[in-house]
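Residue numbers (my numbering): 59 to 310. Just so it is clear, CB atoms sit at the ideal spot from N, CA and C, and this is done for glycine as well. Computed from a predicted structure; not experimentally measured.
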């Protein structure tokens, strides 16, 4: 059972051919968060010093190979919530930006290509500038959600240049208290007014299943099996006295 926020675990070691100065340079940084790409091709790490390093996973030897790193001075590393930190299988990375560093016409996150070593600018159909949730999914698409407007955006990368990203879908969502994006391309949506957890297929925009939790409990966290057929729900009593775990099947 994996956390909704984590990629599947894998045991890897640093490539023995990595130069010592490169290894020292990266291992001495204060790493805040590590994320994996959907198909476990790359690992990205962000440090307190606002460096993002990219490592490729050499499957045959189960090694991490250092690729490159970038420094983003405006990165919001002290965020108590999501840092919007994610990495794709085609060497793109995102990170939340500090509010004081954002201009009126800028996004609240940085989207960067390790291929071109340049920032990538995304064109939203409604000129959206603020994103609250962001994740790459298994088919390579980038899924983003604006919580204030209850709106989701699906971006796809061009296969011709592997750099250009285009919005292929904008989805109007209903009210939610919490929302999660799964690797297989589903929304897990929690509505606290009716105590319902619904699973939506992002591609077909159809409900796969929905379950109810007891009205005296509030959703805390969600986990799921690797095949996303089992859903683990951690809820707490409103009076904060008791905790409860639910296990649901996502199959209808």
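Between which two residues does the beta strand (DSSP E) holding residue i run?
{"i": "residue 328", "result": "Nothing about residue 328 can be reported from this structure: the residues present for the chain run from 59 to 310 only."}
{"i": "residue 259", "result": "254-259"}
{"i": "residue 291", "result": "288-295"}
{"i": "residue 101", "result": "100-105"}
{"i": "residue 263", "result": "Premise fails: residue 263 is in no beta strand (DSSP E) and is neither H nor E."}
Does DSSP put residue i in a helix, in a strand, or in coil?
{"i": "residue 154", "result": "strand"}
{"i": "residue 227", "result": "strand"}
{"i": "residue 95", "result": "coil"}
{"i": "residue 216", "result": "coil"}
{"i": "residue 67", "result": "Bear in mind that a pLDDT of 49 at residue 67, under 50, signals an unreliable position, so the number given afterwards is only what the model happens to contain. Looking at residue 67 - three-state DSSP - the assignment turns out to be coil, as it is neither helix nor strand."}
{"i": "residue 111", "result": "strand"}
{"i": "residue 159", "result": "helix"}
{"i": "residue 164", "result": "coil"}
{"i": "residue 126", "result": "strand"}
{"i": "residue 248", "result": "strand"}
{"i": "residue 233", "result": "coil"}
In terms of DSSP beta bridges, what is residue i paired with?
{"i": "residue 301", "result": "294"}
{"i": "residue 202", "result": "192 and 211"}
{"i": "residue 322", "result": "What the structure shows of the chain is the stretch from 59 to 310, and residue 322 is not part of that stretch, so it cannot be assessed."}
{"i": "residue 271", "result": "Answer by DSSP bridge pairing: none, since residue 271 is not bridged."}
I'd like to know whether the C-beta atoms of residue i and residue j end up nearer to each other than 8 Å.
{"i": "residue 212", "j": "residue 226", "result": "yes"}
{"i": "residue 114", "j": "residue 99", "result": "yes"}
{"i": "residue 179", "j": "residue 144", "result": "no"}
{"i": "residue 101", "j": "residue 174", "result": "no"}
{"i": "residue 243", "j": "residue 204", "result": "no"}
{"i": "residue 147", "j": "residue 95", "result": "yes"}
{"i": "residue 128", "j": "residue 110", "result": "yes"}
{"i": "residue 308", "j": "residue 289", "result": "yes"}
{"i": "residue 253", "j": "residue 271", "result": "yes"}
{"i": "residue 108", "j": "residue 89", "result": "no"}
{"i": "residue 132", "j": "residue 105", "result": "no"}
Is the segment 163-171 touching the segment 113-124 in the sense that three or more CB pairs, one from each, lie closer than 8 Å?
no
Counting Cβ pairs closer than 8 Å, one from the segment 200-215 and one from the segment 232-240, do we hit at least three?
yes
Okay, do the segment 186-198 and the segment 138-157 touch, 3+ Cβ pairs below 8 Å being the bar?
yes
Should the segment 288-295 be called in touch with the segment 272-280, which here means at least 3 C-beta pairs below 8 Å?
yes
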